[in-house]
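Okay, so here's the structure we're looking at.
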Amino acid sequence: MLKKQYFLACFFLATVASAQFHEVGVFLGGSNYVGDVGSHRYLDPNAFAYGVVYKWNVTDRYSLRGGFTLTNLMENEYRNNDLNRFSRSYKVENSLQEVTAGIEINFSEFNLHAPEMSFTPYVFYGLSYFRYDQFYLTPDGPFNPPLRNDYGKDEEIAIPLNVGVKINPNPFFVLGFEVGVRYTLTDNLDGSNPENEFADNPAYKFGNIGNNDWYIFTGLTISFTFGDLPCYCKE
1 MLKKQYFLAC
11 FFLATVASAQ
21 FHEVGVFLGG
31 SNYVGDVGSH
41 RYLDPNAFAY
51 GVVYKWNVTD
61 RYSLRGGFTL
71 TNLMENEYRN
81 NDLNRFSRSY
91 KVENSLQEVT
101 AGIEINFSEF
111 NLHAPEMSFT
121 PYVFYGLSYF
131 RYDQFYLTPD
141 GPFNPPLRND
151 YGKDEEIAIP
161 LNVGVKINPN
171 PFFVLGFEVG
181 VRYTLTDNLD
191 GSNPENEFAD
201 NPAYKFGNIG
211 NNDWYIFTGL
221 TISFTFGDLP
231 CYCKE
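Number 163 in the numbering used here belongs to position 163 of the sequence shown; there are no gaps in the numbering.
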């Protein structure tokens with residue numbers, strides 16, 4: 001009985017270990033923001049974004065994934081078709097640092113052990129934690145853009161959803177393209193709904209304060225694989 005259990009356990013460990021390839025790489029691309037300033041377009045990268053990505057490929061169908069991404073969200077109202085926003089002519093920028101973790105699911109088998117190239121679409125979801133600038137805007141005369149008033153940093157949660165495709169030209173290298181949408185739990189990435197001691201002053205608020213802000217990453221992931229080879233059990 002013990003011998004049978006030993007072989008079953010060894011078979012299970014060998015099966016799991018054969019898929020436990022790790023990936024470490026980089027994300028390079030662009031970012032854009034959607035809120036109360038600027039364009040309404042969701043896919044419109046206008047600022048550089050970069051970061052690091054780690055994946056633990058538990059099987060050939062799903063991976064545990066984490067990452068750290070940096071960008072400066074930028075938006076202005078000179079480049080949209082909304083005449084009200086165009087005439088207002090606001091311009092905002094927000095430095096953002098994000099840590100994210102979750103699960104990546106492949107639509108088809110993605111076997112990093114195979115010598116031939118594999119291809120699959122995938123989806124990633126999980127949880128993001130990000131740090132950003134807090135500020136509010138005040139008028140500066142009829143012909144000048146509003147003044148930016150910073151009052152520190154804040155941390156908040158976002159809900160991420162990435163959709164992408166990836167290939168591995170060989171067992172040691174993976175290349176992907178993805179779009180990652182983030183729904184945030186704040187409405188102040190653009191200074192339209194300040195918090196803390198400024199929250200009670202309606203003069204500092206503008207736009208639709210009932211809708212939270214979004215930000216989006218679009219770009220390439222380039223990663224290299226490493227990890228354990230399959231184990232072989234002896235009698």
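Just so you know, even glycine gets a beta-carbon here, dropped at the ideal spot from N, CA and C.
Review point. If you follow the beta strand (DSSP E) that M74 is part of, which residue opens it and which one closes it?
Key: Taking the sequence shown and counting its residues from 1, the one referred to as residue 74 is at position 74. 62 to 76 is the span of the beta strand (DSSP E), which, as asked, contains M74.
Review point. Can you round the beta-carbon distance between F295 and G67 to whole angstroms, since I take them to be within the 8 Å contact cut?
Key: The displayed coordinates of the chain run from 1 to 235. Any statement about residue 295 would go beyond what the structure contains.
Check your understanding: With 16 other CB atoms within 10 Å as the buried threshold, where does F27 fall?
Key -> Locating residue 27 in the sequence shown gives position 27, where the first residue counts as 1. Buried is the call here.
Check your understanding: Does the segment 132 to 140 come within contact of the segment 89 to 96, defined as at least 3 CB pairs closer than 8 Å?
Key -> yes
Practice item. Go ahead and pull the three-state DSSP assignment for F198. Key: Here the question's residue 198 lines up with position 198 in the sequence shown. Reduced to three states, the DSSP call for F198 is helix.
Practice item. Could you check the C-alpha separation between D213 and M74 for me, to the nearest Å? Key: Here residue 213 corresponds to residue number 213 of the sequence shown, with the count starting at 1. Here residue 74 corresponds to residue number 74 of the sequence shown, with the count starting at 1. D213 and M74: Cα-Cα distance of roughly 13 Å.
Exercise for review: State the CB to CB distance for the pair V179 and L43, rounded to an integer number of angstroms; the pair is presumed to be in contact (CB under 8 Å).
Suggested key: As a first step, residue 179 must be located in the sequence shown, where it is residue number 179. As a first step, residue 43 must be located in the sequence shown, where it is residue number 43. Between L43 and V179 the Cβ distance is about 7 Å, and since that is below 8 Å, they are a contact.
Review point. Secondary structure at Y6, three-state DSSP: helix, strand or coil?
Key: Here residue 6 refers to the residue found at position 6 of the sequence shown. No answer about Y6 holds up, because its pLDDT of 41 lies below 50 and its placement is not dependable.
Exercise for review: Label Y129 either buried or exposed according to how many other C-beta atoms from any shown protein chain fall within 10 Å of its C-beta, with 16 as the threshold for buried.
Suggested key: In the sequence shown, residue 129 corresponds to position 129, counting from 1. That one is exposed.
Review point. In this structure, what does DSSP give as the bridge partners for P145?
Key: As a position in the sequence shown, residue 145 is number 145, starting the count at 1. None; P145 has no bridge partner.
Review point. What number of angstroms, rounded off, separates the C-alpha of R215 from the C-alpha of G51?
Key: The sequence position of residue 215 within the sequence shown is 215, counting from 1. The sequence position of residue 51 within the sequence shown is 51, counting from 1. It is Tyr, not Arg, that sits at residue 215 in the sequence shown. Whole-angstrom Cα-Cα distance: 15 Å.
Exercise for review: Compare the beta carbon distance of F226 and A49 with 9 Å and say whether it is the shorter of the two.
Suggested key: As a position in the sequence shown, residue 226 is number 226, starting the count at 1. As a position in the sequence shown, residue 49 is number 49, starting the count at 1. No, the pair does not count as a contact, with Cβ atoms beyond the cut-off.
Practice item. Specify, as a first and last residue, the run of the beta strand (DSSP E) that A49 falls within. Key: Position 49 of the sequence shown, counted from the start, is the residue given in the question as residue 49. Counting along the chain, the beta strand (DSSP E) containing A49 begins and ends at 47 to 57.
Check your understanding: Under a Cβ-count criterion, where at least 16 other Cβ atoms within 10 Å of its own Cβ denotes burial, should G210 be classed as buried or exposed?
Key -> To locate residue 210, count along the sequence shown from 1; it is residue 210. So G210 ends up on the exposed side.
Exercise for review: Could you tell me the distance, in whole angstroms, from the CA atom of G126 to the CA atom of G141?
Suggested key: Taking the sequence shown and counting its residues from 1, the one referred to as residue 126 is at position 126. Taking the sequence shown and counting its residues from 1, the one referred to as residue 141 is at position 141. Answer to the nearest angstrom: the Cα atoms are 44 Å apart.
**Study point:** Residues that DSSP places opposite D133 in a beta bridge
**Key:** Counting from one through the sequence shown, the residue named residue 133 turns up at place 133. D133 is bridged to K153.
Check your understanding: Near Y6, what residues of its chain come up, given a Cβ to Cβ distance below 7 Å and the 5 sequence neighbours on each side ignored?
Key -> By one-based count along the sequence shown, residue 6 stands at place 6. Note that Y6 scores 41 on pLDDT, short of 50, meaning its location in the model is unreliable; the coordinates nonetheless yield the value given after this. For Y6, where only same-chain residues beyond five positions count, there are no Cβ hits under 7 Å.
**Study point:** Unbroken beta strand (DSSP E) run spanning G180, endpoints
**Key:** One-based indexing of the sequence shown puts residue 180 at position 180. Segment 173 to 184, the beta strand (DSSP E) holding G180.
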